[in-house]
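The UniProt record's numbering numbers the first residue of the sequence shown as 1 and each following residue consecutively.
Below: the structure, in structure tokens.
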Amino acid sequence: MMKIVSGIRGVPSLVEYMVVDLGGTGHTCTYCFQNVESVKPLHCLHLRLVFEPYAMPMQLFKTKKELLTCFRDLVCKTFNRHVIHYNSSLNNVMSVADANGILGLLIDWEFSAQIMADDRYTIAGMRTLPFMSINILEQITPYASEEPSKRRKLATSSKIPLSDVKIKQTWHNDLESLFYVLVYLYIKFKGPMGLQHKIPDTTLPMQWSADASTPPYQSRIR
Numbered sequence: 001m002m003k004i005v006s007g008i009r010g011v012p013s014l015v016e017y018m019v020v021d022l023g024g025t026g027h028t029c030t031y032c033f034q035n036v037e038s039v040k041p042l043h044c045l046h047l048r049l050v051f052e053p054y055a056m057p058m059q060l061f062k063t064k065k066e067l068l069t070c071f072r073d074l075v076c077k078t079f080n081r082h083v084i085h086y087n088s089s090l091n092n093v094m095s096v097a098d099a100n101g102i103l104g105l106l107i108d109w110e111f112s113a114q115i116m117a118d119d120r121y122t123i124a125g126m127r128t129l130p131f132m133s134i135n136i137l138e139q140i141t142p143y144a145s146e147e148p149s150k151r152r153k154l155a156t157s158s159k160i161p162l163s164d165v166k167i168k169q170t171w172h173n174d175l176e177s178l179f180y181v182l183v184y185l186y187i188k189f190k191g192p193m194g195l196q197h198k199i200p201d202t203t204l205p206m207q208w209s210a211d212a213s214t215p216p217y218q219s220r221i222r
């Protein structure tokens with residue numbers, strides 16, 4: 001997938017990768033979580049990836065103008081390559097200084113996918129719950145567990161194999177997720193370089209959190 005999105009402004013470039021070796025074979029999670037029904041059909045390979053350029057977390061912005069400039073860059077032209085990202089979140093948006101100034105980067109393309117004719121994709125192992133679009137939340141609600149410990153990862157939040165479940169998603173959902181990341185940053189942080197507000201549990205970012213007492217798909221839809 002990184003080859004497909006190569007050269008797009010706002011996407012890092014893959015320099016090198018290696019498969020983590022474990023006893024002469026590639027390290028996978030095939031034999032992990034064998035009692036978790038939702039991930040049984042999944043096969044994941046442990047890789048170490050090297051990307052360029054070197055980037056910083058978005059919350060370490062220096063000015064509001066810099067922050068907005070980075071988000072402008074994040075609305076990248078992946079649609080022209082027929083790709084959707086799937087997983088926009090606070091930890092997946094970065095910033096980097098280049099010859100033209102500050103640049104926004106969108107990382108973590110492991111679960112990205114080429115656009116399908118019917119716009120339907122599997123939900124197993126994908127997306128960060130607090131930043132999902134409302135449309136996606138409405139679709140995954142029947143499969144989401146009420147237990148906070150299992151809500152942290154959507155792939156482990158259902159009793160059925162989520163690789164068999166498909167939902168409708170378009171690049172509009174990616175844009176909505178980026179909007180929620182921006183809203184989260186403006187509410188959670190009061191200044192540059194990661195300076196945070198002390199906010200009560202009743203504020204939106206706390207309600208969106210997978211650790212909150214109210215399931216995020218309920219607090220976002222209502």
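Yeah, the Cβ is synthetic: ideal placement off N, Cα and C, and Gly gets one too.
Close-in-space but distant-in-sequence residues of the same chain around residue i (CB under 7 Å, 5 per side omitted)
{"i": "residue 108", "result": "87, 92"}
{"i": "residue 174", "result": "84, 85, 88"}
Element boundaries [beta strand (DSSP E), containing residue i]
{"i": "residue 166", "result": "166–168"}
{"i": "residue 14", "result": "13–19"}
{"i": "residue 102", "result": "101–106"}
{"i": "residue 119", "result": "That residue, residue 119, is in no beta strand (DSSP E); it is neither H nor E in DSSP."}
Contact set for residue i: own chain, Cβ-Cβ below 8 Å, skip 5 residues either direction
{"i": "residue 172", "result": "133"}
Sequence-distant residues of the same chain with beta carbon closer than 6 Å to residue i, five excluded per side
{"i": "residue 32", "result": "Any reading at residue 32 needs caution, since the residue's pLDDT is 49, under 50, leaving its predicted position unreliable; the model's value is listed next. No residues qualify anywhere along the chain."}
{"i": "residue 167", "result": "123, 139"}
Proximity winner among the options, relative to residue i (alpha-carbon distances)
{"i": "residue 60", "options": "90, 99, 85", "result": "90"}
{"i": "residue 101", "options": "129, 74, 69", "result": "69"}
{"i": "residue 129", "options": "176, 56, 65", "result": "176"}
{"i": "residue 73", "options": "10, 55, 62, 190", "result": "10"}
{"i": "residue 3", "options": "113, 118, 65, 136", "result": "113"}
Rounded Cβ spacing between residue i and residue j (contact assumed at less than 8 Å)
{"i": "residue 52", "j": "residue 13", "result": "5 Å"}
{"i": "residue 104", "j": "residue 71", "result": "6 Å"}
Beta-carbon gap between residue i and residue j smaller than 9 Å
{"i": "residue 82", "j": "residue 115", "result": "yes"}
{"i": "residue 5", "j": "residue 45", "result": "no"}
{"i": "residue 1", "j": "residue 110", "result": "yes"}
{"i": "residue 16", "j": "residue 49", "result": "yes"}
{"i": "residue 170", "j": "residue 119", "result": "yes"}
Residue span of the alpha helix (DSSP H) that contains residue i, given as start and end
{"i": "residue 54", "result": "First-last for residue 54: undefined, no H or E at that position."}
{"i": "residue 183", "result": "171–188"}
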